[in-house]
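My numbering puts the first residue of the sequence shown at 764, with every later residue one more than the last.
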Amino acid sequence: MLSPEVQRQMLKRVQVMAGVTEAARSRELGDLMAGLFEHVTTATTKAEAESAMIVIRCMVDALFEQLLRSEESEANASPSNSAASVPGLSTATCLRFISTLSGIAPDAVGAHSEVLGTYLKMTEASEEDTLHHVLTIFSNTLLSIPHPSAQFLGSLESDLISILSSSPQSILALAVPCLCTLVDKITWNYSKLIRLFRSCALQLCHERRLVAGGSRGTQSPKNLMRFIILAGLTCCHFNFDEHRAKHRDHFKGLDEVVETTVLAFMNDLLLFFASSQLPSPVQLAAIQMLGHLYIRQPPLALEPRARAVMDRAFASDSNGHKLQLLRNFYDFLRADARRYATHAKEGKGQAREVDAKALVGDTGKMSEAGVGASLMQTYLDRVIEATFVSSAATLRATGFEVISLVLEQGLAHPLKCVPALIALSTSSDPHIRSKALKLHQDLNSKYASFIHSRDIEGVHKAYEYQVQLRGQAEYVVGYDHCSEARETAGRP
């Protein structure tokens, strides 16, 4: 327990940082704040990192103290209780900031996580943000909760399952992985996940038979989308095939539905529902879950049927299809980078052993390693085209993030991206403009001998980009400074 004076001083500092996060409420700023805390706890000396972690623990303790005070003041709404809490640090603000810290200091936040169980029972649409933050906290700290009681675990499991029935997609994306981790690592109640996946799989198989039999479409696209998302997320975050091999008796009910591996079964279903004969929202849900599936098992992304879905999405007139595919690429490349960083960290300092399979290239890791490069070498031109083909800001921003990851990871020749970088450096969005300039400068420092060979194409691309943004060519004007200087010199 912190002393009152230390707590007041800590809360003042927390209030400033939480206020910045609250004012913007953007994913970029949240990632920046989390990256800052991660940097001061990992990319420093051991003594500095330990000192920083002590400060973060104090911040977490102060935030949970403030959270309890905020709850009391909001419940009683009396002036005396309101005075006890810090202005600007509401319940929502505290939870938002705790969720940022939970990924950096899971042990510190996990020590208090049990008090957050009541927030999982929120069902109002206005409370979606609060539920989002609490699920993020549990996802980061579930394995760090010290000695959780059986009653708490049972309540948590029930609350997570009830959330799946009516919550929006953004909540499902957090609740399902959290439930899978809880069952896989702590409670081992496999039957609950089996029932969930089995019921969704049976409904999807039924819908596929109807469509294949000549039905013009599903009767309830909204329900079909929920089944697709729940089944896709569950099989991506819980290794059914590994557990089936270890616990045959527990998974007999699944064997009646899935004859092959669960990932292959879901891949077939998702590819079917991503076909053009289904309603567009159903296709988008299937494409999104295919992205999750390919992160789990990358070689599936190189199959001809998967490439056919990607080709069709890029060729369509739907910005929604292009946007979802770009998001899939972005998430895949980020997951790839995390996977490489983890392997590098695990292998650092360990004695290297010669593996006969590795010598001949016969390893699963090697088959996964080249998937990102293969996809980008195939689709980078279409990614760039999709980034500029529409005035949709979200599509342009997502395409730019994919291009950035391609350059940062060295997955394609840098010259292919130079015209796009030059054009995007004229963007009115300060984030895109500054990042494009930074990437261009980095390429110039590394490849000064040839990187400027496509500058003229970049100027033309920038002009076309600005014409597209402004709508009419007369609003876009370029200047040739050399010719202007010659004209000035020739005047009497």
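By construction, the Cβ of each residue, glycine as well, lies at the ideal position given by its N, Cα and C atoms.
Exposed unless 16 or more other CB atoms sit within 10 angstroms - verdict on residue i
i            : result
residue 1091 : buried
residue 972  : exposed
residue 1213 : exposed
residue 843  : Legend: pLDDT at residue 843 = 45, less than 50; position of this residue unreliable, no value from coordinates given.
residue 1142 : buried
residue 970  : buried
residue 1103 : exposed
residue 903  : buried
residue 767  : exposed
residue 1219 : exposed
residue 828  : buried
residue 1248 : A caution first: residue 1248 carries a pLDDT of 48, below 50, which makes its placement in the model unreliable, though a value can still be read off. When all chains shown are included, residue 1248 counts as exposed.
residue 859  : buried
residue 1145 : buried
residue 807  : exposed
residue 865  : buried
residue 1051 : buried
Same chain, Cβ closer than 6 angstroms to residue i, neighbours up to 5 away in sequence not counted
i            : result
residue 1014 : 1007
residue 942  : 923
residue 1129 : With a pLDDT of only 49 at residue 1129, under the threshold of 50, the placement of this residue in the model should not be trusted; the figure read from the coordinates follows. Answer for residue 1129: no residue qualifies.
residue 1060 : 1026
residue 862  : 896, 899 and 900
residue 1032 : 967
residue 1207 : 1214
residue 1115 : For residue 1115, the predicted structure reports a pLDDT of 49, less than 50, and the residue's modelled location is therefore unreliable. The matter cannot be settled from this model.
From the options, residue whose alpha carbon lies closest to that of residue i
i            : options                   : result
residue 933  : 816, 1101, 876 and 993    : 993
residue 913  : 1168, 945 and 1024        : 945
residue 1152 : 1023, 1079, 1045 and 1170 : 1079
residue 1034 : 1070, 1012 and 1135       : 1070
residue 930  : 1224, 885 and 1010        : 885
residue 975  : 1040, 809 and 872         : 1040
residue 1189 : 1174, 1231, 864 and 1173  : 1231
residue 1100 : 878, 1165 and 1146        : 1165
residue 1217 : 1106, 1185, 825 and 873   : 1185
residue 1139 : 1154, 1025, 1162 and 878  : 1162
residue 1147 : 1086, 775, 1098 and 1197  : 1086
residue 978  : 900, 958 and 1042         : 1042
residue 1150 : 1097, 1203, 1084 and 1207 : 1084
residue 1097 : 1077, 1058, 812 and 1074  : 1058
residue 1262 : 935, 1068, 772 and 1187   : With the chain running from 764 to 1255 in the structure shown, residue 1262 is simply not present.
residue 927  : 960, 908, 814 and 907     : 960
residue 1291 : 878, 909, 1012 and 983    : Coverage of the chain is limited to positions 764 through 1255, which leaves residue 1291 absent and any answer about it impossible.
residue 911  : 938, 925, 879 and 986     : 879
residue 1209 : 1228, 1178 and 906        : 1178
residue 1038 : 1075, 985, 801 and 798    : 1075
residue 958  : 1016, 771, 983 and 906    : 1016
Rounded straight-line distance, which links the Cα of residue j to that of residue i
i            : j            : result
residue 1306 : residue 1233 : Because residue 1306 is not part of the residues shown, which for the chain are 764 to 1255, the question remains open.
residue 1124 : residue 781  : Caution is warranted here: a pLDDT of 48 is assigned to residue 1124, below 50, making its placement in the model unreliable, and the coordinate value is therefore given only provisionally. About 49 angstroms.
residue 1018 : residue 1081 : 38 angstroms
residue 1004 : residue 1023 : 9 angstroms
residue 1156 : residue 1199 : 16 angstroms
residue 846  : residue 915  : Low confidence applies here, because residue 846 scores a pLDDT of 39, under 50, leaving its location unreliable and the question unanswered by this model.
residue 1133 : residue 1172 : 12 angstroms
residue 1226 : residue 1196 : 15 angstroms
residue 954  : residue 947  : 11 angstroms
residue 967  : residue 1072 : 19 angstroms
residue 776  : residue 856  : 14 angstroms
residue 1089 : residue 1095 : 10 angstroms
residue 769  : residue 1222 : 57 angstroms
residue 872  : residue 818  : 13 angstroms
residue 805  : residue 830  : 28 angstroms
residue 1011 : residue 826  : 46 angstroms
residue 892  : residue 1077 : 33 angstroms
residue 814  : residue 877  : 26 angstroms
residue 1093 : residue 1054 : 10 angstroms
residue 1154 : residue 1181 : 20 angstroms
residue 823  : residue 918  : 24 angstroms
Spatial neighbours of residue i in its chain, beta-carbon cut-off 7 angstroms, leaving aside the 5 residues before and after
i            : result
residue 1030 : 1056 and 1063
residue 1106 : none
residue 1048 : 988, 991 and 992
residue 1202 : 1167, 1170 and 1184
residue 820  : 868 and 871
residue 834  : 854
Integer-rounded CB distance, given that residue j should sit under 8 angstroms from residue i
i            : j            : result
residue 1183 : residue 1224 : 7 angstroms
residue 816  : residue 874  : About 14 angstroms; that fails the 8 angstroms criterion.
residue 964  : residue 1045 : Rounded, the Cβ-Cβ distance is 16 angstroms, inconsistent with contact.
Own chain partners of residue i with C-beta closer than 8 angstroms, once the 5 adjacent residues on each side are dropped
i            : result
residue 940  : 902, 996 and 1000
residue 1175 : 1136, 1139, 1140, 1143 and 1169
residue 1191 : 1232
residue 920  : 942, 945, 946, 950, 952 and 955
CB contact check: residue i to chain C, cutoff 7 angstroms
i           : result
residue 959 : The structure shown has no chain C; it contains just one protein chain.
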